[in-house]
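Working notes, beginning with the structure itself.
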Amino acid sequence: MAFPKRKNLQEIPPQGREKLIIVGSRNPVKIQCVEDAFQAAFEDQIIVQGMNVDSQVNRQPFGDVETYTGAYNRAAASKRAFPEADCWVGIEGGVDEVGDQMVAFAWVVILNGSTIIGKAKTGTFFLPDAIKVLVKKGIELGDADDMVFSKENTKQRGGAVGLLTKGIVNRSLYYKQAVLLALIPFLNKDLYQ
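With the working numbering as the guide, the letters of the sequence shown map in order to residues 51 to 243.
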């Protein structure tokens, strides 16, 4: 079975030049998932760099609107701070309530030099009550994970999804699929003008 040829990220700048992708975070998990997704989707040489930017939302976003807004703000702030890059990516993790339970997820927003905006949401998964109680008290999900599992800085490693799946799905793999889905408009520019 022959796979279709991968696309070029942009027509301009010319092929042959490395494409610079800026991620609106210095979290190594977010940087790695963006690098993995862009390398899988495009034939261009890709360089991915992280940058600290403000999401302009709560430290622990709640609901789709706030979480999406945080991802968009990260991408837009990265674009303003480093306009010479080829693409800017924002990833924001959030939580929401479903009845009396809590789910976790993330939004991904990708901007490039055109008016096209790539956006996608990860799958959701339910959090255990021990974590939900801490998050409802105002503790960020990553910190709540560390407290419940007696770990340190899990948000820069496997995250809640890694802890709860016992490493089967780590945070980078979890985010990578959403980054690939957010790239759909850039892979099909004729349909997303």
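Glycine is no exception: its CB is placed at the ideal position from the N, C-alpha and C atoms.
Helix, strand or coil for LYS69 per DSSP? strand
PRO169 bridges to which residues according to DSSP? The sequence shown places Lys at residue 169, not Pro. LYS169 pairs with VAL159.
Skipping 5 residues on each side, what residues in its chain have a beta carbon closer than 6 Å to that of LEU241? none
Which residue marks the beginning of the beta strand (DSSP E) containing ASP114, and which one marks its end? First-last for ASP114: 113-131, but that is the alpha helix (DSSP H), not the beta strand (DSSP E).
Do GLY140 and VAL115 have their C-beta atoms within less than 9 Å of each other? no
Put MET197 into one of helix, strand or coil per three-state DSSP. helix
Where DSSP assigns a beta bridge to ILE96, which residues make up the other side? Note: ILE96 sits in a beta bridge opposite LYS69.
If contact is defined by three or more beta carbon pairs under 8 Å, each pair taking one atom from either stretch, is the region 93-101 in contact with the region 222-236? no
When we look at the beta-carbon of GLU147 and count the other beta-carbons within 10 Å, is it buried (16 or more) or exposed? exposed
Please classify GLY113 as buried or exposed, where buried requires at least 16 other C-beta atoms within 10 Å of its C-beta. exposed
Leaving out five residues on either side along the sequence, give the residues of the same chain with a beta carbon under 6 Å from the beta carbon of VAL107. Answer for VAL107: GLU116, THR119, GLY120, listed in chain order.
How big is the Cα-Cα spacing for VAL145 and PHE176? 9 Å
By the three-class DSSP mapping on this structure, what secondary structure does ASP146 have? strand
With a Cβ-Cβ cutoff of 9 Å, do VAL73 and SER128 count as a contact? yes
Within 10 angstroms of its Cβ, does PRO111 collect 16 or more other Cβ (buried), or is it exposed? buried
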